[in-house]
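> Numbered by mature numbering (1 follows the signal peptide of the UniProt record, and there is no 0), the letters in the sequence shown go through residues -20 to -1, 1 to 753 in order. Heads up, the beta-carbon is just placed ideally off N, CA and C, and yes, glycines get one too. Just so we're clear, the structure is a prediction, and the values are computed from it rather than from any experiment.
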Amino acid sequence: MFIWWTIVSFLGCILLGAEGWPAKEGYDFKPYQSFIRLRHKQEKSPENSRNKGYVSHDVPLRSCENKYCGLGRHCIVNRGTGQAECVCMEHCKPHYKPVCGSDGEFYENHCEVHRTACLKKQKITIVHNEDCFFKGKYLSDCSLFDLLKYDDYNSDKHLCLEEFYRAFQVIQLSLPEDQKISITTATVGQSAVLSCAIQGTLRPPIIWKRNNVALNTLDLEDINDFGDDGSLYITKITTSHMGNYSCYADGYDKLYQIHILQVNVPPVIRVFPESQAREPGVTASLRCHAEGIPNPVLGWLKNGIDITPKLSKQLTLQANGSEVHISNVRYEDTGAYTCIAKNEAGVDEDISSLFVEDSARKTLANILWREEGLGIGNMFYVFYEDGIKVIQPVECEFQRHIKPTEKLLGFQDEVCPKAEGDEIQRCVWASAANVKDKFIYVTQPTLDRVLIVDVQSQKVVQAVNTDPVPVKLHYDKSHDQVWVLSWGSFDKHSPTLQVITQASGSISHHTIHTQPVGKQFDRVDDFFIPSTNLLITHIRFGFILHKDEPLLQKIDLETMSYIKTIGLRDYNCVPKSLAYTHRGGYYFINCKPDTTGAVPPQLIVDSVTDSVIGYNGDVTGTPYISPDGHYLVSIDDVKGLMKIQTFTDRGEIQDAFDIHTNLHISDVAFQASFTEAHQYNVFGSSTTQTDVLFVELSSGKVKMVKSLKEPLKPDEWPWNSKNRLIEGSGLFGQYLMTPSKESLFILDGRLNKLNCEITEVERGNTVIWVGEA
């Protein structure tokens, strides 16, 4: 017993020195912050966490080559399916390097801890409680000479400090002060490697986290490889991957390194108009919109030559260089104006052509000219009681009126058949969707169908039967599908989801049902599919919200099947609405009031891990994301509060400003700024009042557009909560439309004022913009 007490005392002296106690002379020999504990080294054997294949000799190894199974599991190839699968390890390599588990059990090595955790399907971590070690075997025949015999690695007949550490499994970890935070910049579409700088003797396996969620045990598509050196590999970077990551040695989470991943995106550019014709003496404007991360710098060329040296009172650059303004145009102003956008990730360019000709000489220019507000496109389509009106917003002119009695093209069915008992033939509409500026799909909830309007001919060409009471449409551009939510009955008794595929095709369409949950179709309350934008052109997943259930069902948009459930019960959240930003890949969830009427703060879900990462501070209300993903606008009608937050190029969310309003916001529309590049403004219509709110998001400037008459009452619009919608006119459009009970109002967003009122349009609360502007 005296021998063992000597060993323990001697080891204690070593540990005190290693923990940073100064010697007599007062010198501190530790160059970096260290963290030291008694810990067993991970065994580098075929059974360790890096095991990629456990197959028989007649099965190709490549099936398991890229399959990461995590600690305590290994990969095998299923003979029946030929697919790689992860299973618990049958055994570990025999060696005695004892550790204690959080379940109070004593294990011979790390491998046994993780293998047991897999078999029991429970989390077992390593603990550092010396009481646990008393469960181990006492070796009475061990002496100090055995240390020299077995642990003198360099055979110099002396035991140095390093050899004592190895003998007693003492782990010493360090992280250089200048590497506590590491910044990595990558371009979207590339791969990236994040290397953990934590070093030390017998360092345990490295654990990686994102938003406090461990990545090593998740089966992620793009983060599925953890190198033998503890590095994190991201095979194909997207903007969702930007943000903060952390790494630490397993069991030593107090010493960690932070990695900031910044994802750059090359610019994507659009110009407007693509071509235009102007007579001498008038004004011409050429606009350029570019998005990228970081924000691109804009420049202009005329016929390949930089226009900057030629700037004058007649030729100016406006809105931070995003607009070329030419007053009193001359013949020599004719040319190809190229907008160029550059950032750290790349370059993009597009051409806007200007023709200056007398009206009598317009030939080819007339064909190419796409003046705002003219042509089949660049129109508002308004669905109201007396049919469909097509309206040109510049002069507020009717281009077409489709009457309720008009027949579908090639059919005998009328656009709005007369309902039994009605004296007047009326239309009832709920929701509409623009399909590639080629078709408009619109629901008729009382007729259980969707009408398809051909934009080119401005005629109704087809009726698609749906489940009863279709009330919501969304066009999934990535898969050319229109999603239809139907209530089943007017009291929402049996809601369902249907999909119309090949939506932009000139074919006979029909609906198909999505996969039911629990063999039931009647649990759907709503659905959410993120919108595409200039930078994000493909969306793979959406979410289905179930009635009174605290969860989100993730759905594969291509197969239309459920793939995962994200539970929200721990946060007592039944989701009501969602918004998504590609800057960091975050979903913001607005929760329904609880049984007491209290509304919990918004929840944030990380799309990389499909995990809830917490509350969005104390922000409540309905979330809306600007088209560039840069702004989050949250509207809490109960508190009368509009809260603005921004996202940085690293995916960090920051508070900007609050706006207190008693307008009771019904709907919002974003519009690109006319005075600043890379900025947006937002307009909000009112549920009860006659004003529209304007907010400049970059500065917080607020203005009201007044006297727009009263909207429909909420009980007169049962299909959704937006009894007064507001619709913009595209990326470059300056006009917005909002209906009142019996009129339409077209606003000029550039001037922040009313452009015109169109009367005798009753219940025109379904509006769609068609066009490039």
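Here's the rule I'm using: 16 or more other beta-carbon atoms within 10 Å means buried, otherwise exposed. How should Q436 be labelled?
Here residue 436 refers to the residue found at position 456 of the sequence shown. Per the 10 Å Cβ criterion, exposed.
> For Y455, tell me which candidate among R53, C80, I151 and I748 has the shortest Cα-Cα distance.
Here residue 455 refers to the residue found at position 475 of the sequence shown. Ranking R53, C80, I151 and I748 by Cα distance to Y455 puts I748 first.
> The alpha helix (DSSP H) with K100 in it runs from where to where?
Counting from one through the sequence shown, the residue named residue 100 turns up at place 120. Counting along the chain, the alpha helix (DSSP H) containing K100 begins and ends at H90 to K100.
> Is it the case that the region 367 to 386 contacts the region 401 to 420, given that we only count it when at least three CB pairs across the two stretches are under 8 Å?
A contact exists between the region 401 to 420 and the region 367 to 386.
> Return yes when the Cβ of Y311 is within less than 8 Å of the Cβ of P260, no when it is not.
If you number the sequence shown from 1, residue 260 lands on position 280. If you number the sequence shown from 1, residue 311 lands on position 331. Yes. Within cutoff.
> To the nearest angstrom, report how far apart C68 and Y48 are at their CA atoms.
The count along the sequence shown starts at 1 and reaches residue 68 at position 88. The count along the sequence shown starts at 1 and reaches residue 48 at position 68. Approximately 13 Å, taken between the alpha carbons.
> Quick check on the DSSP output: what are the complete beta strand (DSSP E) runs of length 3 or more inside the region 166 to 247, in order along the chain?
You should have 172 to 174, 179 to 181, 186 to 190, 212 to 214 and 223 to 229.
> Helix, strand or coil: how does DSSP classify Q405 here?
In the sequence shown, counting from the first residue as 1, residue 405 sits at position 425. Three-state result, Q405: coil.
> Pick from D616, K457, V309 and D617: whose alpha carbon is nearest that of G485?
For the purposes of this step, residue 485 is taken as residue 505 along the sequence shown, with counting starting at 1. Considering only alpha carbons, the answer is K457.
> Where does the unbroken beta strand (DSSP E) through D629 begin, and where does it stop?
To locate residue 629, count along the sequence shown from 1; it is residue 649. Looking at the DSSP string, D629 is not in any beta strand (DSSP E), and its letter there is neither H nor E.
> Roughly how far, in whole angstroms, is the beta-carbon of R95 from the beta-carbon of G50, given that I think they are within contact range, below 8 Å?
Your numbering for residue 95 matches position 115 in the sequence shown. Your numbering for residue 50 matches position 70 in the sequence shown. So it is not a contact: roughly 11 Å between Cβ atoms.
> With DSSP as the reference, label E312 as helix, strand or coil.
What you label residue 312 is simply residue 332 of the sequence shown in a count that begins at 1. DSSP places E312 in helix when its eight states are reduced to three.
> Comparing alpha-carbon positions, which option in A229, L139 and I214 lies nearest L182?
Residue 182 sits at position 202 when you count from the first residue of the sequence shown. That would be A229, whose Cα lies nearest to the Cα of L182.
> State buried or exposed for F627, treating a residue as buried only when at least 16 other CB atoms are found within 10 Å of its CB.
In the sequence shown, counting from the first residue as 1, residue 627 sits at position 647. With 16 or more Cβ atoms within 10 Å of its Cβ, F627 is classed as buried.
> For the region 582 to 590 and the region 562 to 569, state whether three or more C-beta atom pairs, one from each stretch, are separated by less than 8 Å.
A contact exists between the region 582 to 590 and the region 562 to 569.
> Please state the DSSP three-state secondary structure of T288.
For the purposes of this step, residue 288 is identified with residue 308 of the sequence shown, where counting begins at 1. Three-state result, T288: helix.
> Thinking C-beta only, is V444 closer than 8 Å to H489?
Numbered from its first residue, the sequence shown carries residue 489 at position 509. Numbered from its first residue, the sequence shown carries residue 444 at position 464. Yes, the pair counts as a contact, with Cβ atoms nearer than the cut-off.
> Apply the 10 Å Cβ neighbour rule to G744 and answer buried if 16 or more other Cβ atoms are within range, or exposed otherwise.
As a first step, residue 744 must be located in the sequence shown, where it is residue number 764. It counts as buried.
> Considering A483, what are the terminal residues of the beta strand (DSSP E) in which it resides?
In the sequence shown, counting from the first residue as 1, residue 483 sits at position 503. Per DSSP, A483 belongs to no beta strand (DSSP E) and is neither H nor E.
> Going by CA-CA distance only, name the one from V672, L558 and K452 that's closest to V430.
For the purposes of this step, residue 430 is taken as the residue at position 450 of the sequence shown. Looking at the Cα atoms, K452 is the closest of the given residues.
> Count the other CB atoms, across all protein chains shown, that sit within 10 Å of the CB of Y133; report buried if there are 16 or more and exposed otherwise.
Translated into positions along the sequence shown, residue 133 becomes position 153. Answer is exposed; the Cβ neighbour count stays below 16.
> Whether or not the region 393 to 400 and the region 357 to 364 are in contact is what I'm after, with contact meaning three or more pairs of Cβ atoms, one per stretch, closer than 8 Å; do they touch?
No: the two stretches stay apart, fewer than three of their Cβ pairs being nearer than 8 Å.
> Which of helix, strand or coil does DSSP assign to S154?
As a first step, residue 154 is located in the sequence shown; it is residue number 174 there, counting from the start. Correct three-state label for S154: strand.
> What residue from D671, D695 and F654 has the CA that sits closest to L731's CA?
Taking the first residue of the sequence shown as position 1, residue 731 is located at position 751. Cα-wise, what sits closest to L731 is F654.
> Just curious, the beta strand (DSSP E) that residue 755 is in, first and last residue?
Since the first residue shown for the chain is -20 and the last is 753, residue 755 is missing from the structure and cannot be characterised.
> Considering just the uninterrupted stretch of the beta strand (DSSP E) at Y566, what are its terminal residues?
Locating residue 566 in the sequence shown gives position 586, where the first residue counts as 1. First-last of the beta strand (DSSP E) with Y566: Y566 to C571.
> Rounded to whole angstroms, what is the Cα-Cα separation between P246 and K322?
Taking the sequence shown and counting its residues from 1, the one referred to as residue 246 is at position 266. Taking the sequence shown and counting its residues from 1, the one referred to as residue 322 is at position 342. If I take the Cα positions, the gap works out to 8 Å.
> Taking the straight line between their C-alpha atoms, what separation do you get for T491 and P510?
Position 511 of the sequence shown holds residue 491. Position 530 of the sequence shown holds residue 510. Roughly 21 Å separates the two Cα atoms.
> Could you tell me whether the Cβ atoms of I106 and G231 are closer together than 8 Å?
For this step, residue 106 is matched to residue 126 along the sequence shown. For this step, residue 231 is matched to residue 251 along the sequence shown. Yes, they are a contact pair.
> For F508 versus F521, is the C-beta distance shorter than 8 Å?
Numbered from its first residue, the sequence shown carries residue 508 at position 528. Numbered from its first residue, the sequence shown carries residue 521 at position 541. Taking 8 Å as the Cβ cut-off, F508 and F521 do not qualify as a contacting pair.
> Can you look up Q651 in the DSSP assignment and give me helix, strand or coil?
Residue numbering aside, residue 651 sits at position 671 when the sequence shown is read from its first letter. Looking at Q651 - three-state DSSP - the assignment turns out to be strand.
> Which residues share a DSSP beta bridge with F252?
Here residue 252 corresponds to residue number 272 of the sequence shown, with the count starting at 1. Beta-bridge pairing links F252 to R267.
> By DSSP, does Y551 sit in helix, in strand, or in coil?
For the purposes of this step, residue 551 is taken as residue 571 along the sequence shown, with counting starting at 1. Helix at Y551.
> Reducing DSSP to helix, strand and coil, say where P260 ends up.
Translated into positions along the sequence shown, residue 260 becomes position 280. Of the three classes helix, strand and coil, the one that applies to P260 here is coil, per DSSP.
> Under a Cβ-count criterion, where at least 16 other Cβ atoms within 10 Å of its own Cβ denotes burial, should P698 be classed as buried or exposed?
For this step, residue 698 is matched to residue 718 along the sequence shown. Classification of P698: exposed, given that the 10 Å Cβ count is below 16.
> Can you tell me whether DSSP reads D460 as helix, strand or coil?
The residue labelled residue 460 in the question sits at position 480 within the sequence shown. It is coil, neither helix nor strand.
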